[in-house]
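Enquirer:
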Amino acid sequence: MRAEELAFVWQGAPDPSGVDQAFLALARRRGAAAIRETPGRPTDDPMTAALARALSLQQSLDLKGAISAFDEVEREVVARGGGTLSEGELTELYAHRAGAHAALGNDADAWNDLLEAAALAPGRSLDPARFPPRLIEASRRAREALAPGGALVVTARPSDAVIIVDGQLYGRGHVEVSRPAGRHFVRVERAGFVASGRVVENGATPVDVRVSLTPASEPGASELARRGALADANRTLGGYIAGGAHAMVTLVLVERSGRVLGKSTLAVDEQLTSGALASAVEALLGGGDRRGAAPNAVPWFRRPWVWGVAAGVAGAALGVGLGVGLSNRDSGLAARVDLGPAR
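So in this note's numbering, the last spot in the sequence shown is 905, and the numbers never skip.
#1: Tell me residue 764's beta-bridge partners as DSSP assigns them.
#2: Between the region 676 to 692 and the region 649 to 663, are three or more C-beta pairs nearer than 8 angstroms?
#3: So, at 8 angstroms on beta carbons, what are the nonlocal neighbours of residue 693 in its own chain, with the 5 sequence-adjacent residues on each side left out?
#4: Could you tell me if residue 776 is buried or exposed, where buried requires 16 or more neighbouring beta carbons within 10 angstroms of its beta carbon?
#5: Residue 839: buried (16+ other C-beta within 10 angstroms of its C-beta) or exposed?
#6: In this structure, does DSSP put residue 814 in helix, strand or coil?
#7: Roughly how many whole angstroms lie between the Cα atoms of residue 582 and residue 752?
#8: Restricting to runs no shorter than 4 residues, where is the alpha helix (DSSP H) found entirely within the region 589 to 627?
#9: Just verifying my parser: in three-state terms, what is the DSSP assignment at residue 648?
#10: Determine the contact status of residue 714 and residue 750, defining contact as a CB-CB distance below 8 angstroms.
#11: So what's residue 582 in DSSP terms, helix, strand or just coil?
#12: By alpha-carbon positions, which one of 835, 811, 675 and 833 ends up nearest to residue 826?
#13: In angstroms, rounded to a whole number, what distance separates the CA positions of residue 697 and residue 774?
#14: Which two residues bound the contiguous alpha helix (DSSP H) that contains residue 848?
#15: Which word fits residue 691, buried or exposed, when buried means at least 16 other C-beta atoms lie within 10 angstroms of its C-beta?
#16: Whole angstroms is fine: what's the gap from residue 822's alpha carbon to residue 797's?
#17: Excluding five sequence neighbours on each side, which residues of the same chain lie with their C-beta closer than 6 angstroms to the C-beta of residue 743?
#18: State the beta-bridge partners of residue 733 as determined by DSSP.
#19: Report yes if the C-beta distance between residue 922 and residue 756 is below 8 angstroms; otherwise report no.
#20: Might you give, ordered along the chain, the residues of its own chain that have their beta carbon closer than 6 angstroms to the beta carbon of residue 767, omitting 5 neighbours on each side?
#21: Going by C-alpha distance, which of 834, 633, 684 and 783 is nearest residue 571?
#22: Residue 633 to residue 720, Cα distance in whole Å?
#23: Decide if residue 580 is buried, meaning its Cβ has at least 16 other Cβ atoms within 10 Å, or exposed.
#24: State the Cα-Cα distance for the pair residue 635 and residue 612, rounded to the nearest angstrom.
#25: Would the beta-carbon of residue 595 fall within 8 angstroms of that of residue 793?
#26: Below 7 angstroms CB to CB, which residues in the same chain sit around residue 671 once its five sequence neighbours on both sides are set aside?
#27: Taking only the alpha-carbon atoms, compute the straight-line gap between residue 814 and residue 586 and give it to the nearest angstrom.
#28: Could you please give me the residues that DSSP links to residue 774 through a beta bridge?
#29: Applying the 10 Å Cβ sphere with the 16-neighbour rule, what's the burial state of residue 746?
#30: So for residue 664, helix, strand or coil by DSSP?
#31: Looking at the secondary structure, which residues open and close the beta strand (DSSP E) in which residue 797 lies?
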């Protein structure tokens with residue numbers, strides 16, 4: 563089969579399980595078109611790439627262009643509760659925009675950005691190799707100016723949804739996170755549901771944040787075929803996770819006409835491996851009318867709670883576990899994580 567005859571289409575935003583990354587990596591391994599279709603978003607441009615472009619403009623001394631690019635990233639960050647950016651990337655957004663503002667003489671705007679960066683990472687100093695002494699000193703004063711804050715008490719539905727605060731993963735279902743006073747980003751994700759994020763103003767007293775996710779919808783066969791046809795594919799292998807009590811990834815092979823040739827489902831849990839996913843894909847592509855679940859696979863390891871599987875999936879050998887986990891990063895921030903049912 564020539565590459566242009568087949569397209570892999572993942573329907574949905576990046577998933578905390580990492581199964582979407584593994585699915586698209588299989589497409590690239592076969593030389594097929596790898597497409598992500600995210601309903602409601604005008605572009606699939608990763609936020610990290612947009613931040614990198616803003617930093618590149620700043621390094622080339624296009625300061626006004628850099629500020630405009632930083633502003634665009636911030637709009638996405640605010641709308642998506644930090645989106646896919648880590649704590650370090652969120653801090654860089656505001657610290658570097660502060661540098662651009664300071665270089666243009668916009669001291670008030672620079673100070674506001676330094677306060678934002680300090681609230682996100684109060685224990686982090688600016689790197690002397692990347693920032694001028696004047697900005698480093700201003701950043702120190704911004705950290706000292708922070709008022710102590712109360713806890714952010716975040717409760718998520720479903721109760722096994724992961725909770726991310728200021729780019730750090732803190733737990734599932736219900737967490738209490740101590741944060742300085744100021745603006746903070748809260749994001750909740752769960753496989754098969756539409757991720758939700760918001761901005762929260764933290765003060766001296768605890769702030770109660772409740773987030774209920776909406777189940778992701780199941781795309782139709784004609785919709786998957788239409789997206790694949792845009793890549794000149796005669797057959798499209800669609801992948802998605804629809805909302806439900808249990809996260810299930812569904813694979814659907816469709817013709818250009820929209821006729822379904824095969825379908826397979828796998829549970830998104832600690833038993834799911836990239837090898838099992840690859841087997842399900844090969845079963846569908848190797849026999850057009852074959853249906854059913856992929857063969858059982860022994861997990862690569864019964865891992866402890868982990869985070870970041872998606873980052874390593876693309877280059878991993880077959881058999882690497884995909885199920886989502888969690889860890890508390892060593893941030894120096896007090897956090898209480900409750901992995902039981904949400905209260």
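Backbone N, C-alpha and C fix where the C-beta goes; we use that ideal spot for every residue, glycine too. These numbers were taken from a predicted model, which means no experiment stands behind them.
Expert: Put simply:
#1: Note: residue 764 sits in a beta bridge opposite 744.
#2: A contact exists between the region 676 to 692 and the region 649 to 663.
#3: Counting only residues of its own chain and dropping the five nearest sequence neighbours on each side, residue 693 has a CB closer than 8 angstroms to the CB of 657, 661 and 701.
#4: The residue is exposed, with fewer than 16 neighbouring Cβ atoms inside 10 Å.
#5: Label assigned to residue 839: buried.
#6: Of the three classes helix, strand and coil, the one that applies to residue 814 here is strand, per DSSP.
#7: Spanning the two alpha carbons is a distance of roughly 13 angstroms.
#8: Taking only runs of at least 4 residues, the alpha helix (DSSP H) segments lying wholly in the region 589 to 627 are 609 to 621.
#9: In the structure shown, residue 648 sits in coil (DSSP, three-state: anything other than H, G, I, E or B).
#10: No.
#11: It is helical.
#12: Considering only alpha carbons, the answer is 811.
#13: In this model, residue 697 and residue 774 are separated by some 40 angstroms (Cα to Cα).
#14: Unbroken alpha helix (DSSP H) run through residue 848: 836 to 848.
#15: Around the beta-carbon of residue 691, fewer than 16 other beta-carbon atoms lie within 10 Å, marking it exposed.
#16: Their Cα atoms are separated by approximately 10 angstroms.
#17: Correct list, in chain order: 709, 711, 764 and 765.
#18: Beta-bridge pairing links residue 733 to 725.
#19: This structure cannot speak to residue 922, because the chain is shown only from 563 to 905.
#20: The answer, listed in chain order, is 712.
#21: For the residues 834, 633, 684 and 783, the minimum Cα distance to residue 571 belongs to 783.
#22: Roughly 32 angstroms between the two C-alpha positions.
#23: Buried: at least 16 other Cβ atoms inside 10 Å.
#24: Each residue's Cα considered, the two are about 7 angstroms apart.
#25: For residue 595 and residue 793, yes; Cβs fall inside 8 angstroms.
#26: Around residue 671: 663.
#27: Their backbone Cα atoms lie some 14 angstroms apart in a straight line.
#28: In the DSSP output, where bridge partners are listed per residue, residue 774 has 719.
#29: Residue 746 counts as buried, since no fewer than 16 other beta carbons sit within 10 angstroms of its beta carbon.
#30: Annotated three-state conformation of residue 664 is helix, per DSSP.
#31: From DSSP, the beta strand (DSSP E) with residue 797 extends over 797 to 804.
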